[in-house]
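Read left to right, the sequence shown gives residues 722 to 1208 (our numbering).
Glycine included, C-beta positions come from ideal geometry on N, C-alpha and C.
Since this is a predicted model, take the numbers as computed values, not measurements.
Before any comments, here is the structure.
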Amino acid sequence: MDGYPRFDFDDVSPLDYRYYKGIRGVYDRARPYASESAHIRYQLKVEVALARALAKAGLCTAEVADEIAAACHEVTPEEVYLEELRTKHHVRALVNCVGRRVSEPARPWVHLLLTSSDVTDTAAALRLRDLTIEVLLPDLLDLARLLIDWARATAELPQVGRTHGQFAVPVTFGFTVAGYVHRLGNRIEAVERAAHCLKGKASGAVGAYNAHTLLGDRTTFSPEELEQAVLGELGIAPAAHATQIVPPEYAGDLAWAVTSCFSVLANIADDVRHLMRSEIGELGTAPDATEVGSSTMPHKTNPFRFEMVKSLWKSFAPRLVTTLLDQVSEHQRDLTNGASARFAVELFVAFSCATTVLTRALAAVRVNPARMRRHLDAAGEQVTTEALYVLLALSGHADAYDLVHAAVRRAQSSGEALSGVLRADDRLASSLGGLSDVLVHPESYTGLAAERTEYVCGLWERRLLGSDGMAARLARGNRPRAAEVTP
């Protein structure tokens, strides 16, 4: 089962009932990391790691560690939440649920030396890291692969350039797509870096290892070594300094990387849907037999998937502000992020939804070369004005720009062809002979668009998809271990 569709109309957030559960494949892939059930499983994993580290340090037996681990695998989210109704404290509720399942000799070692944020901050870092590495990055690589193939296939297809919504000079469509490839590749690497830089902690109530120092000669492990043993079980490094919480900038960097990548997705979606406008039509899709574009206009076929991507970005990019606000925590810690931080994972889920939708939508897009040529022809000689100005300047005309600018305005006001206005100017007539190719074949004025397209595609193919690229690293498992979130 792929979990699609999985409607639950008692949910409040559209992210849940319409996107997370409504887009094929997202729920089943993201749930092991993003759900509240997974959240609690990751917290229990930290408790297991603590027990294993205590045993390695000779503080408890391996049998006690096994007993605690078995208990952690039995705890359910439902019982933790029910216990929290009594304790009014989430982590103590979780610890109580574990403690009930172990013997009296094992119970003192449950949660020993840790504070709540050792558990919650480390678990949050682990699940965001794993969600990024196991779901977000593979999906982004699929999108990058599609764009690279698209750029190469259209590397020499002329298209009129547009700046400020107006005709500029010619490019190729592949060069346009290569711009997306480069921006996306850059952001994919930023997301990967930020995910691997996430940190955990097991240094106690204010981060100074106070409780650890009470162990005395019961172990040869120093407080720092004990923390490293706990986090080593989880495949995450400790922060060099922590208070009661892990410094929030690590998670903030990942949220920023994902948000800025989300912005690239939104830009791609926006450009594609504009090129699908009725009056442009340079891109399009085959109409689906059952798909409806309007409740009253039967002819409508809308680029709603691309609009969805932009709309999700508009909804969730502002969440980055909350992440920045959560950087401020008074003294060693306060709980003013207690509610806001619970929403942090939603940015990542929405991003996963948008990546999935955009990749599938782009795969269905078809290029219309005839419409591209029609618009290039409609732009006419105006797209040659830069070339005319530069070539005239190179021929020695000191006021070349002003001469061409004046000629353009005369042509626009009179309706004459620009070439005719230029030839009628005695100052320019002698220099126009070498400009005929540009005037007659403006589609050839694409600079190094095709060459740069291939360069950019080759660059990111190697870095992302090549034998030493990111996809190969992920396939080889050259990454932190995925957390065991299933009991």
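Which residues in the same chain have their Cβ closer than 8 Å to the Cβ of residue i, if we skip the five residues on either side of it in sequence?
| i | result |
| --- | --- |
| threonine 875 | Thr893, Phe894, Gly895, Val898 and Val1088 |
| leucine 1045 | Gly973 |
| aspartate 1146 | Leu1124 and Ala1128 |
| valine 985 | Tyr901, Arg904, Leu905 and Arg908 |
| proline 1090 | Leu878 |
| phenylalanine 1064 | Arg1040 and Thr1043 |
Once the 5 residues before and after residue i are set aside, which same chain residues still bring their CB inside 6 Å of it?
| i | result |
| --- | --- |
| isoleucine 909 | Leu861 |
| aspartate 729 | Tyr738 |
| arginine 1194 | none |
| proline 1208 | Caution applies to proline 1208, whose pLDDT of 28 falls short of 50 and renders its modelled position unreliable; the value that the coordinates give is listed next. These residues qualify, in order along the chain: His794. |
Who are the Cβ neighbours of residue i in its own chain at under 7 Å, not counting the five residues just before and after it?
| i | result |
| --- | --- |
| alanine 770 | Val951, Glu954 and Leu955 |
| methionine 997 | Leu1004, Gly1005 and Pro1024 |
| methionine 1093 | Leu878, Pro879, Gln880, Phe894 and Glu1003 |
| methionine 722 | Its pLDDT being 34, under 50, methionine 722 is placed unreliably by the model, and the measurement read from it follows with that caveat. Contacts found: none. |
| alanine 1038 | Thr980, Phe983 and Ser984 |
| histidine 933 | Leu834, Gly925, Pro944 and Leu947 |
Taking the alpha helix (DSSP H) that residue i belongs to, which residues open and close that run?
| i | result |
| --- | --- |
| glutamine 1048 | Segment: none, glutamine 1048 is in no alpha helix (DSSP H) and carries neither H nor E. |
| threonine 841 | 837-852 |
| arginine 1173 | 1170-1181 |
| valine 979 | 970-996 |
| asparagine 817 | 811-820 |
| proline 859 | 858-874 |
| serine 1036 | 1025-1037 |
| alanine 759 | 757-777 |
State the start and end residues of the unbroken beta strand (DSSP E) segment that holds residue i.
| i | result |
| --- | --- |
| threonine 1006 | 1004-1006 |
| valine 1111 | It is not in any beta strand (DSSP E) - valine 1111 instead sits in the alpha helix (DSSP H) that spans 1106-1115. |
| valine 890 | 887-893 |
| proline 1163 | Proline 1163 -> no beta strand (DSSP E), and no H or E assigned at all. |
| glycine 882 | 879-884 |
| valine 1088 | 1086-1088 |
If contacts are defined as beta-carbon pairs under 8 Å, then residue i and residue j qualify, I think. What distance do you get, rounded to the angstrom?
| i | j | result |
| --- | --- | --- |
| arginine 752 | alanine 759 | 7 Å |
| alanine 776 | alanine 790 | About 10 Å; that fails the 8 Å criterion. |
| alanine 765 | leucine 815 | Sequence inspection shows leucine at residue 765; the alanine mentioned does not correspond to that position. Indeed they touch by this definition, with Cβ atoms about 7 Å apart. |
By alpha-carbon positions, which one of the options ends up nearest to residue i?
| i | options | result |
| --- | --- | --- |
| glycine 1179 | Ala865, Arg1026, Thr841 and Ala776 | Ala865 |
| alanine 792 | Gly779, Val767 and Ala1062 | Val767 |
| asparagine 1058 | Arg1197, Asp842 and Val785 | Asp842 |
| tryptophan 977 | Glu913, Glu945, Gln965 and Thr940 | Glu913 |
| tyrosine 740 | Thr1106, Thr1076 and Ala1192 | Thr1076 |
| glycine 1101 | Leu1139, His1118, Ala1108 and Val1078 | Leu1139 |
| lysine 1035 | Glu784, Lys809, Ala987 and Arg1063 | Ala987 |
| valine 1104 | Arg822, Gln887, Ala783 and His811 | Gln887 |
| glutamate 1107 | Ile869, Tyr754 and Gly882 | Gly882 |
Any chance the CB of residue i is under 6 Å from a heavy atom of the ligand FAD?
| i | result |
| --- | --- |
| alanine 976 | Questions concerning the ligand FAD fall outside what the structure shown contains, since it holds no ligand whatsoever. |
Say whether the stretch 961-969 touches the stretch 915-925, bearing in mind that this needs 3 or more beta-carbon pairs closer than 8 Å, one atom from each stretch. Short answer: they touch.
Counting Cβ pairs closer than 8 Å, one from the stretch 1015-1025 and one from the stretch 1041-1058, do we hit at least three? Of all C-beta pairs linking the stretch 1015-1025 to the stretch 1041-1058, fewer than three are shorter than 8 Å, placing the two stretches out of contact.
Cβ contact check for the stretch 1124-1142 and the stretch 1073-1086: 3 or more pairs under 8 Å: With a cut-off of 8 Å, the stretch 1073-1086 and the stretch 1124-1142 do not count as touching, because too few Cβ pairs lie within range.
At least 3 beta-carbon pairs within less than 8 Å: the stretch 1159-1169 vs the stretch 1105-1121: Touching, yes, given that three or more Cβ pairs across the two stretches are closer than 8 Å.
Whether or not the stretch 1008-1020 and the stretch 932-939 are in contact is what I'm after, with contact meaning three or more pairs of Cβ atoms, one per stretch, closer than 8 Å; do they touch? A contact between stretches requires three or more CB pairs, one per stretch, nearer than 8 Å, and the stretch 932-939 fails this requirement with the stretch 1008-1020.
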